[in-house]
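Mapping of the sequence shown onto mature numbering (1 follows the signal peptide of the UniProt record, and there is no 0): residues -19 to -1, 1 to 73, in sequence order.
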Amino acid sequence: MWRLLLAFMALYLLSFLASESSEMSMGHFRELAVGLVLFVLTLLIGRELNLPMMYRLVTLSVGVTCAMAMFSAKYQDEGRASGLLEDPNVFA
């Protein structure tokens, strides 16, 4: 699997170098690289994690963020919850 991922990244890098729109390609390459780094870190660290506790913490953090967005006037735009985003239509 790792060889295929490295080969894919090498081909993607060649595509980036041959692209006429280097800014857009660099943004996509950076997003892909960050995703792969997080994937690898998850695989390496995930063996030692207490996953049920992690699930609880993620659920709690999402719930707290939702409560902040729903009950705080600071995080509302015309009565619509926007959370930590500036525009409530970002994910619409």
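Backbone N, C-alpha and C fix where the C-beta goes; we use that ideal spot for every residue, glycine too. Source: prediction; values computed, not measured.
For the alpha helix (DSSP H) holding residue -11, just list the boundary residues, first then last.
Boundaries of the alpha helix (DSSP H) around residue -11: -18 to -2.
Under 6 Å Cβ to Cβ from residue -4, same chain only, skipping five residues before and after it: list those, please.
Cβ-Cβ distances below 6 Å link residue -4 to 6 and 10 in the same chain, with the five nearest sequence neighbours on each side left out; the list follows chain order.
Taking 8 Å as the cut-off, decide whether the C-beta atoms of residue 17 and residue -9 are in contact.
no
Where does the unbroken alpha helix (DSSP H) through residue 29 begin, and where does it stop?
Looking at the DSSP string, residue 29 is not in any alpha helix (DSSP H), and its letter there is neither H nor E.
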